[in-house]
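Quick note on this note's numbering: the sequence shown kicks off at 177 and runs consecutively. A virtual CB, placed ideally from N, CA and C, is assigned to each residue, including glycine. In what follows, a single structure is set out as structure tokens and then discussed.
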Amino acid sequence: MSKKKVLVIGGTGIAGQFITDYLLHYHDICELFIASRGIHKISEKKVKFIKMDIHDTQNIESVIKQFDIIILALGPFSCVGTDIYTICLRNHVICVDINDDYGHSGRVLEIKNENITNFRGTIFTGMGLCPGLTTFMLEYAAEQLKKTSFRSRIENLFWSRCCFWNSFNNQYV
177 MSKKKVLVIG
187 GTGIAGQFIT
197 DYLLHYHDIC
207 ELFIASRGIH
217 KISEKKVKFI
227 KMDIHDTQNI
237 ESVIKQFDII
247 ILALGPFSCV
257 GTDIYTICLR
267 NHVICVDIND
277 DYGHSGRVLE
287 IKNENITNFR
297 GTIFTGMGLC
307 PGLTTFMLEY
317 AAEQLKKTSF
327 RSRIENLFWS
337 RCCFWNSFNN
347 QYV
């Protein structure tokens, strides 16, 4: 079995480093590369570095088609656009992102409504470290804050924090 070539775009960020460290345990089945817009020295010899700007579509297409799997660990996803996903589909590359932006997910899903008869790649979107949970909690909190007065907001925030802390310590079920 040949090694899969994996590129972690945003591999020098916090989430990208976490993903890269995890994938290093599988160096026997994957050849690992990281990409970032800045130049970084990498101490790990099993990882190769590629300098790239995701907004330069001509450059990224020539890079992406060399890989089997692309992992998007960059952000904010609201600024990423969908070109990179289309490039992956067009070049039969698996694309995995850690997107936690509902608006961006919708734009990614709209790609299927375009003329995709010649697309053979696969996209996995919203595969974050705790996919969707943090965004859902923030959206819920924002909705609750819209519904209440300022004093109630502060009390609710304090109460929510106490409930979370107590449930975290197994004091509530």
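Secondary structure note for A191: its alpha helix (DSSP H) is the uninterrupted segment 190-199. Rounded to the nearest whole angstrom, the C-alpha separation of R213 and Q193 is 15 Å. Distance from I263 to T301 at the Cβ level is roughly 15 Å; contact not present, criterion being Cβ atoms closer than 8 Å. By a beta-carbon distance limit of 8 Å, I299 does not contact L250. Their separation comes to about 15 Å. C206 is not a Cβ neighbour of K241, given a cutoff of 8 Å.
DSSP places K222 outside both helix and strand once states are collapsed to three, so it counts as coil. Cβ atoms of V284 and T258 come within 8 Å of each other, at about 6 Å. Residue pairing of E207 in beta bridges, as defined by DSSP: K181. Across the set G282, K288, K227, T196, the C-alpha of T196 shows the shortest separation from the C-alpha of V182. Note on geometry: alpha-carbon atoms of R296 and I287 lie some 13 Å from one another.
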